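To keep things clear, I will list the structure first and then write my remarks on it.
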Amino acid sequence: MIELRDLTKRYGNKLAVDGLTFTVRPGTVTGFLGPNGAGKSTTMRMVLGLDAPTRGDVRIEGKHYGELREPLNSIGALLEAKGVHGGRRAYDHLLCLAQSNGIPERRVGEVLEMVGLQDVARKRPKGFSLGMGQRLGIAAALLGDPRILMFDEPVNGLDPEGIHWIRTLMQQLAREGRTVFVSSHLMSEMAQTAEHLVVIGQGKLLADTSMAQFIAENSRTHVRVRTPEPERLRDALVGSGLRPVTGADGALEVDGGDAPRIGELAAEHRVVLHELSTQRASLEEAFMRLTAQSVEYHAHAPGAPAAPPGAQPPGIQPPSGTQPPGTQPPPGAQAPPGEQPPPGTQAPPAWGTDWKKGRRG
């Protein structure tokens with residue numbers, strides 16, 4: 001178990017982690033999500049005692065990392081795959097770690113075989129690919145057979161077989177009753193791996209909940225129905241207290257209903273259905289909706305203006321009745337005080353304009 005209480009880290013004027021309080025429990029894979037710059041890596045470094053908190057506390061099975069006599073037997077971690085001596089052979093790298101933590105040498109061969117590096121055990125990591133480096137880092141995390149494992153972007157550089165392997169491994173470790181804490185930006189992979197989520201933004205805790213509840217609370221789920229008799233079905237739905245709306249392609253979309261009930265209702269009224277399906281948002285959509293106000297670094301296409309801080313991501317609708325940040329007000333509407341551009345100012349030049357002028361000159 002990993003316990004964080006009011007964990008805070010400040011670098012000068014930058015508040016990287018702001019009062020985080022949550023518990024990573026055994027028996028489940030806990031995903032750690034957040035936009036770039038949210039404070040995930042800093043939090044993990046404080047768990048391992050690599051950075052000292054400005055305020056607050058973090059404990060591993062009730063102890064600070066520095067109090068663990070042989071830490072690799074309690075917690076294994078992968079934070080930086082290339083954080084090894086490039087000139088030391090893979091086997092020797094793991095052997096040094098084993099000897100410093102009272103781990104028998106036979107365990108080195110076991111973990112190398114476990115991660116698929118037994119054939120390159122005598123080679124030097126400076127020649128390893130990114131994926132091979134990831135596997136070596138995972139081997140180091142598994143070396144002490146610890147009860148707690150922490151991975152930061154563990155699938156970076158892995159091929160599809162490797163991604164499937166690490167996903168299966170993490171789930172198996174959790175089923176054995178271990179604590180598994182994993183950070184990743186790959187939402188599709190996290191959706192298949194984690195059961196519980198901790199989400200942070202700008203250093204603050206945004207969510208600490210199950211995967212299913214997170215998606216349900218931060219996205220829209222509805223039933224989609226296609227029929228050659230939309231008006232008859234609409235009347236039947238409205239008569240049952242449902243409020244269908246017509247989608248862009250003419251299909252009916254029903255919030256607050258469930259597919260079996262709607263199917264039975266259509267059958268009662270002898271309405272033919274061509275499609276009846278429940279539409280659920282992905283983890284990525286739910287994540288983008290929740291963290292839209294916490295994204296620190298907004299990318300934009302060449303020639304397009306940068307998104308202002310707090311803007312909704314493309315394709316994510318803001319709550320009804322609100323004006324999305326950075327959008328133009330309706331024709332004739334006055335911009336709020338303080339948002340009108342100063343008199344005589346011009347729009348910023350398109351991306352690449354200055355470079356092109358310099359080249360012509």
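With the UniProt record's numbering, letter number 59 in the sequence shown gets 59, and the count goes up by one each step, no holes.
Don't be surprised by glycine CBs; every beta carbon is placed ideally from N, CA and C.
The model shown is predicted, which means the values in this text are computed figures rather than measured ones.
Check: Does the Cβ of Pro319 have 16 or more other Cβ atoms within 10 Å, making it buried, or fewer, making it exposed?
Finding: Within the sequence shown, numbered from 1, the residue matching residue 319 stands at position 319. In this prediction, Pro319 scores a pLDDT of 42, lower than 50, which makes its location untrustworthy; the coordinate-derived value is nonetheless stated afterwards. With fewer than 16 Cβ atoms within 10 Å of its Cβ, Pro319 is classed as exposed.
Note to self: Here's the rule I'm using: 16 or more other beta-carbon atoms within 10 Å means buried, otherwise exposed. How should His85 be labelled?
What the structure shows: Along the sequence shown, one-based indexing puts residue 85 at 85. His85 should be labelled exposed.
Item checked: Segment limits, alpha helix (DSSP H) that includes Met170 -> Working through the sequence shown from its first residue, we reach residue 170 at position 170. Its alpha helix (DSSP H) spans residues Pro160 to Arg175.
Item checked: Span of the alpha helix (DSSP H) around residue 374 -> The displayed coordinates of the chain run from 1 to 361. Any statement about residue 374 would go beyond what the structure contains.
Check: From this set, Val272, Val271, Val223 and Asp235, which residue's C-alpha is nearest residue 378's C-alpha?
Finding: Residue 378 lies beyond the range of the chain shown here (1 to 361); nothing can be said about it.
Notebook entry, point to check: Across which residues does DSSP place Ile200 in a beta bridge pair?
Noted result: Numbered from 1 along the sequence shown, position 200 holds the residue referred to as residue 200. For Ile200, which the question treats as bridged, DSSP gives the partners Leu205.
Notebook entry, point to check: What is the rounded straight-line gap between the Cα of Leu233 and the Cα of Ser277?
Noted result: Walking along the sequence shown from the start, residue 233 turns up at place 233. Walking along the sequence shown from the start, residue 277 turns up at place 277. Rounded to the nearest whole angstrom, the CA to CA distance from Leu233 to Ser277 is 15 angstroms.
Next item on the list: Could you please give the first and the last residue of the uninterrupted beta strand (DSSP E) stretch that includes His146?
Entry: For the purposes of this step, residue 146 is taken as the residue at position 146 of the sequence shown. At residue 146 the sequence reads Pro, which differs from the His that was named. Element bounds for Pro146: n/a, residue is neither H nor E.
Notebook entry, point to check: Quick one: Cα of Glu113 to Cα of Leu252, how far?
Noted result: The count along the sequence shown starts at 1 and reaches residue 113 at position 113. The count along the sequence shown starts at 1 and reaches residue 252 at position 252. Looking at the two C-alpha atoms, the distance is approximately 54 angstroms.
Notebook entry, point to check: How would you call Val238, buried or exposed, if buried means at least 16 neighbouring beta carbons within 10 angstroms?
Noted result: In the sequence shown, counting from the first residue as 1, residue 238 sits at position 238. By the C-beta density criterion, Val238 is exposed, having fewer than 16 other C-beta atoms within 10 angstroms.
Next item on the list: Tell me where the alpha helix (DSSP H) around Ile103 begins and ends.
Entry: As a first step, residue 103 is located in the sequence shown; it is residue number 103 there, counting from the start. It is not in any alpha helix (DSSP H) - Ile103 carries neither H nor E in the DSSP assignment.
Note to self: Check this for me: beta carbons of Ala194 and Gly31, under 9 angstroms apart or not?
What the structure shows: Looking up residue 194 in the sequence shown gives position 194. Looking up residue 31 in the sequence shown gives position 31. Yes, the Cβ-Cβ distance between Ala194 and Gly31 is below 9 angstroms.
Checklist line | Contact belief for Gly250 with Pro26 at Cβ below 8 angstroms, rounded distance in angstroms | finding: As a first step, residue 250 must be located in the sequence shown, where it is residue number 250. As a first step, residue 26 must be located in the sequence shown, where it is residue number 26. Incorrect: roughly 50 angstroms between the Cβ atoms, too far for contact.
Note to self: By alpha-carbon positions, which one of Thr43, Glu268, Glu67 and Ile60 ends up nearest to Ala54?
What the structure shows: The residue you call residue 54 lines up with position 54 of the sequence shown. It is Thr, not Ala, that sits at residue 54 in the sequence shown. The residue from Thr43, Glu268, Glu67 and Ile60 with its alpha-carbon nearest to that of Thr54 is Thr43.
Check: Which residues bound the beta strand (DSSP E) around Leu15?
Finding: The residue you call residue 15 lines up with position 15 of the sequence shown. It spans Lys14 to Val24 - the beta strand (DSSP E) in which Leu15 sits, taken as one unbroken run.
Next item on the list: Please look up how many angstroms separate the CB atoms of Ala140 and Leu173, rounded, as I've assumed it's under 8 angstroms.
Entry: Taking the first residue of the sequence shown as position 1, residue 140 is located at position 140. Taking the first residue of the sequence shown as position 1, residue 173 is located at position 173. The beta-carbon distance between Ala140 and Leu173, rounded to whole angstroms, is 15 angstroms. This is too long to meet the 8 angstroms contact definition.
Check: Within 10 angstroms of its Cβ, does Thr179 collect 16 or more other Cβ (buried), or is it exposed?
Finding: Your numbering for residue 179 matches position 179 in the sequence shown. The residue in question, Thr179, is buried, as its Cβ has 16 or more Cβ neighbours within 10 Å.
Check: Just how far apart, CA to CA, sit Arg289 and Asn218?
Finding: For the purposes of this step, residue 289 is identified with residue 289 of the sequence shown, where counting begins at 1. For the purposes of this step, residue 218 is identified with residue 218 of the sequence shown, where counting begins at 1. Cα atoms of Arg289 and Asn218: separation of roughly 7 angstroms, rounded to the nearest angstrom.
Note to self: Rounding to the nearest angstrom, what Cα-Cα distance links Thr23 and Ser129 in this structure?
What the structure shows: Against the sequence shown, residue 23 aligns to sequence position 23. Against the sequence shown, residue 129 aligns to sequence position 129. Inter-residue distance for Thr23 and Ser129 is about 35 angstroms (C-alpha atoms, whole angstroms).
Notebook entry, point to check: Of all the beta strand (DSSP E) runs that stay within the bounds of the stretch 51-92, which reach a length of 3 or more residues?
Noted result: Runs found: 55-60 and 75-78.
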